[in-house]
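Anchor point for the sequence shown: position 174 equals 174 in the UniProt record's numbering, and the numbering is continuous, going up by one each time.
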Amino acid sequence: MPEGLIVKALSGYYYVKPDTESGDYALSETGTIQCRARGIFKKKGISPLVGDEVIYSLTENGEGTVDEILPRRTELIRPPVANIRQAVLLFSVKEPDLSLILLDKFLVHIEHAGLEPLICFTKMDLIDPQDTATRNEVEQAKQLYERIGYQVILTSAENELGTDQIREELNGKISMFAGQSGVGKSSLLNKVIPGSDLNTSEISMRLGRGRHTTRHVELIELQGGGYVADTPGFSQLNFTQLGVDDLGSCFREFNEYADGCKFRGCTHLHEPGCKVIEALETGEIANTRYKHYQQFYQEMKDEKRRY
Ligand SMILES: Nc1nc2c(ncn2[C@@H]2O[C@H](COP(=O)(O)OP(=O)(O)O)[C@@H](O)[C@H]2O)c(=O)[nH]1
Ligand SMILES: [Mg+2]
Ligand SMILES: [Zn+2]
Numbered sequence: 001m002p003e004g005l006i007v008k009a010l011s012g013y014y015y016v017k018p019d020t021e022s023g024d025y026a027l028s029e030t031g032t033i034q035c036r037a038r039g040i041f042k043k044k045g046i047s048p049l050v051g052d053e054v055i056y057s058l059t060e061n062g063e064g065t066v067d068e069i070l071p072r073r074t075e076l077i078r079p080p081v082a083n084i085r086q087a088v089l090l091f092s093v094k095e096p097d098l099s100l101i102l103l104d105k106f107l108v109h110i111e112h113a114g115l116e117p118l119i120c121f122t123k124m125d126l127i128d129p130q131d132t133a134t135r136n137e138v139e140q141a142k143q144l145y146e147r148i149g150y151q152v153i154l155t156s157a158e159n160e161l162g163t164d165q166i167r168e169e170l171n172g173k174i175s176m177f178a179g180q181s182g183v184g185k186s187s188l189l190n191k192v193i194p195g196s197d198l199n200t201s202e203i204s205m206r207l208g209r210g211r212h213t214t215r216h217v218e219l220i221e222l223q224g225g226g227y228v229a230d231t232p233g234f235s236q237l238n239f240t241q242l243g244v245d246d247l248g249s250c251f252r253e254f255n256e257y258a259d260g261c262k263f264r265g266c267t268h269l270h271e272p273g274c275k276v277i278e279a280l281e282t283g284e285i286a287n288t289r290y291k292h293y294q295q296f297y298q299e300m301k302d303e304k305r306r307y
């Protein structure tokens with residue numbers, strides 16, 4: 001039975017892109033097969049998601065049926081999409097200024113969802129050549145996150161800095177853009193994928209607020225292979241979905257030390273024999289990262305009290 005990828009869902013139809021285009025059946029203009037989901041899914045309370053890899057069969061009317069959903073590697077609720085592998089995390093260096101606490105908050109959510117982050121600092125063209133302070137700050141932030149093991153790309157949609165590199169990183173993966181409003185997600189994506197218009201979907205979403213509760217996600221196919229979701233993810237950054245015990249493991253560089261902590265379930269806040277605190281003291285773990293960990297921990301405790 002043939003396999004494919006759901007690239008779009010609309011009005012009860014799933015648009016499945018066949019894994020191999022054998023050419024013995026009719027594809028729509030977009031190269032997809034319009035499918036209904038088998039009734040069994042509804043009975044089981046499962047709904048296929050954009051990003052799902054599925055097994056489908058063809059029906060007589062030229063359409064298809066989604067028969068089986070293959071195991072999901074990741075799953076997001078907002079927007080509803082499966083199997084996103086990479087989150088391209090955008091942070092502007094100016095307008096608005098770089099905020100490392102917000103960057104760490106996004107990273108926590110991305111790590112928790114099991115996605116691979118790719119950090120992009122945007123609007124590099126806005127740094128005045130004379131402004132060495134900002135330039136140094138950005139360079140230091142880049143080094144900090146690279147030391148942890150994240151990839152950092154300096155970008156500008158204005159003069160297409162870094163766009164080739166992003167395009168390369170999108171190759172062969174399903175990705176999603178993330179970042180605060182105004183950091184340049186749409187601008188950069190339009191440069192990376194000419195012809196994609198992320199603006200449009202965001203505007204229509206804004207207009208429809210209150211009336212439409214479901215968001216439609218569509219995967220944009222890339223020329224070099226791979227897909228990008230047309231809607232940015234992680235727009236809501238509260239910690240309600242996350243247990244406080246999971247927080248430490250979302251700080252990637254803590255993990256190698258956490259195993260050595262004296263107590264199981266060490267919070268790395270005050271316990272004796274804590275290897276994370278030790279690594280902080282020797283400078284192996286950065287101060288800002290640890291401070292943000294403490295702050296998020298407190299925030300989560302406070303949130304829990306409120307709910
Ligand atoms: N100077 C400069 N402005 C940019 C750049 N990227 C985006 N902008 C501007 O920043 C604003 C927000 O950009 P937009 O792409 O809509 O951000 P989004 O909300 O993250 O999608 C717009 O006024 C853009 O023109 C850039 O690389 N350089
Ligand atoms: Mg936008
Ligand atoms: Zn510890």
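The C-beta atom is built at its ideal place from N, Cα and C for all residues, glycine as well.
Helix, strand or coil for Gly62? Go by DSSP, reduced to three states.
Counting from one through the sequence shown, the residue named residue 62 turns up at place 62. In the structure shown, Gly62 sits in coil (DSSP, three-state: anything other than H, G, I, E or B).
With a Cβ-Cβ cutoff of 8 Å, do Ile77 and Ala229 count as a contact?
Against the sequence shown, residue 77 aligns to sequence position 77. Against the sequence shown, residue 229 aligns to sequence position 229. Taking 8 Å as the Cβ cut-off, Ile77 and Ala229 do not qualify as a contacting pair.
Per DSSP, what kind of secondary structure is Asp67 in: helix, strand or coil?
Translated into positions along the sequence shown, residue 67 becomes position 67. Strand.
Would you identify the three-state DSSP class for Val276, choosing helix, strand or coil?
By one-based count along the sequence shown, residue 276 stands at place 276. Helix.
Measuring only the C-alpha atoms, how far is Ala9 from Met176?
Here residue 9 refers to the residue found at position 9 when the sequence shown is read from its first residue. Here residue 176 refers to the residue found at position 176 when the sequence shown is read from its first residue. Cα to Cα, the separation comes out at about 17 Å.
For a test of the three-state rule: what should DSSP assign to Ala229, helix, strand or coil?
Taking the sequence shown and counting its residues from 1, one reaches residue 229 at position 229. Here Ala229 sits in strand by DSSP.
Enumerated in chain order, which unbroken segments of the beta strand (DSSP E) with a length of 3 residues or greater are wholly contained in the UniProt domain "EngC GTPase" (82-235)?
86-92, 116-122, 151-154, 174-178, 219-221, 227-229
Using the three-state DSSP reduction, which class does Ile33 fall into: helix, strand or coil?
Walking along the sequence shown from the start, residue 33 turns up at place 33. Here DSSP, grouped into helix, strand and coil, assigns Ile33 to strand.
If you run the structure through DSSP and keep just helix, strand and coil, what is Ser249?
What you label residue 249 is simply residue 249 of the sequence shown in a count that begins at 1. Note: Ser249 maps to helix in three-state DSSP.
Pull up the CB-CB distance for Ile69 and Pro48, whole angstroms please, since I reckon it's below 8 Å.
Taking the first residue of the sequence shown as position 1, residue 69 is located at position 69. Taking the first residue of the sequence shown as position 1, residue 48 is located at position 48. A Cβ-Cβ separation of about 6 Å places Ile69 in contact with Pro48 under the 8 Å criterion.
Just the Cα atoms here: how many angstroms apart are Gln165 and Ser99?
Taking the first residue of the sequence shown as position 1, residue 165 is located at position 165. Taking the first residue of the sequence shown as position 1, residue 99 is located at position 99. The alpha-carbon atoms of Gln165 and Ser99 are separated by roughly 23 Å.
State the start and end residues of the unbroken beta strand (DSSP E) segment that holds Ala258.
The sequence position of residue 258 within the sequence shown is 258, counting from 1. Element bounds for Ala258: not the beta strand (DSSP E) but the alpha helix (DSSP H), 255-258.
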